[in-house]
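Chains as they are written, first to last, in my numbering: chain Z, 1 to 108; chain S, 1 to 253. Note that CB positions come from ideal geometry on N, CA and C, so glycine has one too. Only one structure is covered here, and it is reproduced in the block below.
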Amino acid sequence: MSSAKLLDVVGILQFLQWPSGEKYLPAQVHDEKGFKNVVKQVSKAAGHSVTGGTTLAFGLLLREIHRMQFLLGDPSEDPPPDTPQWVVGSPLEMRWMDIVFAAIATVL
Amino acid sequence: MQKKGLQGLVFENALKKDLRSPEYIGKGKGKAKAAYIEPSSDEDEALGEDDSSSEDDEMEVEENVDKEEEGKVDGSVEEGDREEDAEGEREDESEVVGETGGCEDQVHEEMAANGAQDEDGKPPTTPPSTPRSSRHGSPEAHPGPAGSHQPEPSELTWLSPHPSPRLRAHPSSEPTSDRGATSSSTPDIDSPVANHSTPDNMVRYLRTLSDEKVYVEFINALLAVEGFNSVCLMPTLICVKLNIHLLVIGKTT
Chain Z
1 MSSAKLLDVV GILQFLQWPS GEKYLPAQVH DEKGFKNVVK QVSKAAGHSV TGGTTLAFGL
61 LLREIHRMQF LLGDPSEDPP PDTPQWVVGS PLEMRWMDIV FAAIATVL
Chain S
1 MQKKGLQGLV FENALKKDLR SPEYIGKGKG KAKAAYIEPS SDEDEALGED DSSSEDDEME
61 VEENVDKEEE GKVDGSVEEG DREEDAEGER EDESEVVGET GGCEDQVHEE MAANGAQDED
121 GKPPTTPPST PRSSRHGSPE AHPGPAGSHQ PEPSELTWLS PHPSPRLRAH PSSEPTSDRG
181 ATSSSTPDID SPVANHSTPD NMVRYLRTLS DEKVYVEFIN ALLAVEGFNS VCLMPTLICV
241 KLNIHLLVIG KTT
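Spelled out as structure tokens, the structure:
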């Protein structure tokens with residue numbers, strides 16, 4: 001498999017591409033409406049072809065939801081010092097994964 | 001004698017006194033006064049008793065002149081004492097100056113030896129009349145190698161140290177936004193940019209993002225489309241198990 005296919009990120013938002021160096025996704029993802037819009041844009045860019053960029057975008061969205069649920073081992077403890085404020089108060093829940101799964105199903 | 005006048009008598013008497021006591025010749029007026037032999041009272045009495053002779057008259061005149069001269073001499077002697085005292089003071093001052101000058105020379109020599117002399121060649125500001133012991137007793141008087149020149153308060157204002165480059169380039173002076181930018185520019189180890197060097201790393205990274213079944217199928221679809229051997233990207237133990245299973249299935253079938 002060529003790396004060019006994996007690097008194909010046409011139409012994908014910049015923070016979901018390979019050059020992104022951020023640990024967490026931006027604040028617009030940590031909102032229900034914004035999250036749905038981002039998933040819609042990724043599925044629209046993917047169309048009906050699976051590319052490395054779309055795979056990376058869906059994977060980052062799923063990881064962000066998973067992180068928000070397991071970021072803190074104990075809810076009463078303080079988050080790590082480098083954690084952004086929108087991540088600490090993020091409303092992402094596990095049920096939002098279904099939105100991503102539905103988008104993946106449309107691409108496949 | 002009277003024709004000669006008073007001045008002539010004075011002159012002659014002065015000559016006689018000089019000849020009479022050669023010990024005090026050229027030793028100053030003050031010493032001459034001390035060495036002056038006053039006429040004895042016997043002579044005065046004798047002179048007073050015998051007034052008939054011309055010599056006695058002459059001696060009387062001379063005595064009167066001596067008395068007058070003595071008064072003058074006393075006055076002049078007092079003046080001479082003052083002058084001598086003044087001269088002595090001048091000599092003392094010159095001696096003191098000579099000593100202090102010697103001290104200056106010594107101080108200059110010490111400064112030259114220490115290499116701490118002023119660049120302008122100015123003498124030290126310590127007054128020369130200051131006693132040497134007091135100057136050497138105070139630590140400020142010693143010409144130090146680094147701070148030999150004691151700057152005046154006005155000099156201190158314009159000799160203030162320049163801000164060092166280290167202070168100008170202090171990290172605390174940098175804006176916090178730059179620090180935030182630098183921290184944000186550093187890629188995280190879990191970020192995509194840190195895991196897209198090779199295709200193998202990219203596929204491994206995609207698999208670490210989520211282990212949900214739907215997403216795993218999506219990755220497999222991606223790899224199947226490109227004909228990529230996804231099995232080889234799995235850990236070695238899984239590959240070995242799959243190969244064993246394939247072998248078993250092949251044998252059974």
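| query | CB Z:Pro91 to CB Z:Glu22, shorter than 8 Å? | reply | With a cutoff of 8 Å on beta-carbon distance, Z:Pro91 and Z:Glu22 are scored as not near each other.
| Under 8 Å Cβ-Cβ, which residues of chain S neighbour Z:Ser90? | The contacting residues do not exist; Z:Ser90 stays about 17 Å from chain S at best.
| said: Measuring straight from C-alpha to C-alpha, what distance separates S:Val216 and Z:Pro81? | reply: Distance from the CA atom of S:Val216 to the CA atom of Z:Pro81, rounded to whole angstroms, is 32 Å.
| task | Using a Cβ cut-off of 8 Å, pull out every chain S residue sitting near Z:Val42, in sequence order please. | result | Neighbours of Z:Val42 on chain S: none; closest Cβ ~12 Å, over 8 Å.
| query | Assuming Z:Gln28 contacts Z:Val38 under a Cβ cut-off of 8 Å, what Cβ separation, rounded to an integer in Å, is found between them? | reply | Rounded, the Cβ-Cβ distance is 7 Å, consistent with contact.
| query | Within this structure, are the beta carbons of Z:Ala57 and Z:Ile12 separated by less than 8 Å? | reply | Yes, the Cβ-Cβ distance between Z:Ala57 and Z:Ile12 is below 8 Å.
| message | Once the 5 residues before and after Z:Met97 are set aside, which same chain residues still bring their CB inside 7 Å of it? | response | Excluding sequence positions up to five before and after Z:Met97, its CB lies within less than 7 Å of the CB of Leu62, Ile65, all in the same chain and listed in chain order.
| query | Shorter than 8 Å from the beta carbon of Z:Ile104 to some beta carbon of chain S? | reply | Answer yes: the Cβ-Cβ gap between Z:Ile104 and chain S drops below 8 Å somewhere.
| Member of S:Lys213, S:Glu212, S:Ser191 whose CA lies at the smallest distance from the CA of S:Tyr205 | Residue S:Ser191 holds the alpha-carbon nearest to the alpha-carbon of S:Tyr205 among S:Lys213, S:Glu212, S:Ser191.
| Should Z:Pro80 be counted as a contact of the ligand PLP given a C-beta to heavy atom distance under 7 Å? | The ligand PLP is not part of this structure, which contains no ligands at all.
| said: How far does the alpha helix (DSSP H) with S:Asn201 in it extend, from its first residue to its last? | reply: Segment 199 to 209, the alpha helix (DSSP H) holding S:Asn201.
| For the putative contact between S:Ala209 and Z:Gly59, defined by C-beta atoms under 8 Å, what is the C-beta separation to the nearest angstrom? | In the sequence as displayed, the identity of residue 209 of chain S is Leu instead of Ala. At roughly 3 Å, the Cβ-Cβ gap stays under 8 Å, so S:Leu209 and Z:Gly59 are in contact.
| message | Here's the rule: buried if 16 or more other CB atoms are within 10 angstroms of the residue's CB, otherwise exposed. What is S:Gly8? | response | By the 10 Å Cβ count, S:Gly8 comes out exposed.
| request: Report yes if the C-beta distance between Z:Leu25 and Z:Phe15 is below 8 Å; otherwise report no. | output: Contact flag set, yes.
| query | Taking the C-alpha atoms as reference points, what is the distance between S:Met202 and Z:Ser76? | reply | In this structure, the alpha-carbon of S:Met202 lies about 36 Å from that of Z:Ser76.
| said: Taking 6 Å as the limit between beta carbons, can you name the residues of its chain near S:Asn195, skipping five residues before and five after? | reply: Excluding positions up to five away in sequence, the list reads Asn201, Tyr205.
| field | Per-residue burial, S:Ile189 [other beta carbons within 10 Å of its own, 16 or more giving buried] | value | With fewer than 16 Cβ atoms within 10 Å of its Cβ, S:Ile189 is classed as exposed.
| task | Tell me whether Z:Pro26 sits in a helix, a strand or coil according to DSSP, three-state version. | result | Z:Pro26 falls in the coil class under three-state DSSP.
| request: Taking only the alpha-carbon atoms, compute the straight-line gap between Z:Asp78 and Z:Gln85 and give it to the nearest angstrom. | output: Rounded to whole angstroms, Z:Asp78 and Z:Gln85 show a C-alpha spacing of 12 Å.
| field | Cβ neighbour criterion (16 or more within 10 Å) applied to Z:Met94 | value | Under this definition Z:Met94 is an exposed residue.
| said: By the three-class DSSP mapping on this structure, what secondary structure does Z:Trp18 have? | reply: Coil, per DSSP.
| query | Does the beta carbon of S:Val216 sit closer than 8 Å to a beta carbon anywhere in chain Z? | reply | Under the Cβ distance rule, S:Val216 does not count among the residues neighbouring chain Z, no pair being separated by less than 8 Å.
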